[in-house]
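Just below is one structure, and these are the notes that go with it.
Residue numbers (our numbering): 106 to 155.
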């Protein structure tokens, strides 16, 4: 999350490659995101061009 709007329910979320290159910045609502849990691991997959 790179920005939280004043309403506290809307967020700008940045998606990056493993090298730190920004792929997208998306505006999401609170129901679309959740905190990462301590027992979870990051998942990596190849970026597919469309």
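Just so it is clear, CB atoms sit at the ideal spot from N, CA and C, and this is done for glycine as well.
Reference residue i, options the options, closest by Cα
| i | options | result |
| --- | --- | --- |
| residue 132 | 154, 152 and 114 | 114 |
| residue 153 | 109, 110 and 122 | 122 |
| residue 120 | 110, 111, 138 and 112 | 138 |
| residue 129 | 117, 151 and 144 | 117 |
| residue 108 | 134, 143 and 146 | 134 |
Reduced DSSP secondary structure (H/G/I, E/B, other) of residue i
| i | result |
| --- | --- |
| residue 117 | strand |
Beta-bridge pairing of residue i - partner residues as DSSP gives them
| i | result |
| --- | --- |
| residue 122 | Answer by DSSP bridge pairing: none, since residue 122 is not bridged. |
| residue 147 | In DSSP, residue 147 forms no bridge with anything. |
| residue 152 | According to DSSP, which records beta bridges pairwise, residue 152 is partnered with nothing at all. |
| residue 131 | 118 |
Proximity test, residue i beta-carbon vs the ligand NAD heavy atom, cut-off 7 Å
| i | result |
| --- | --- |
| residue 119 | The ligand content of the structure shown is nil, which means the ligand NAD is not present either. |
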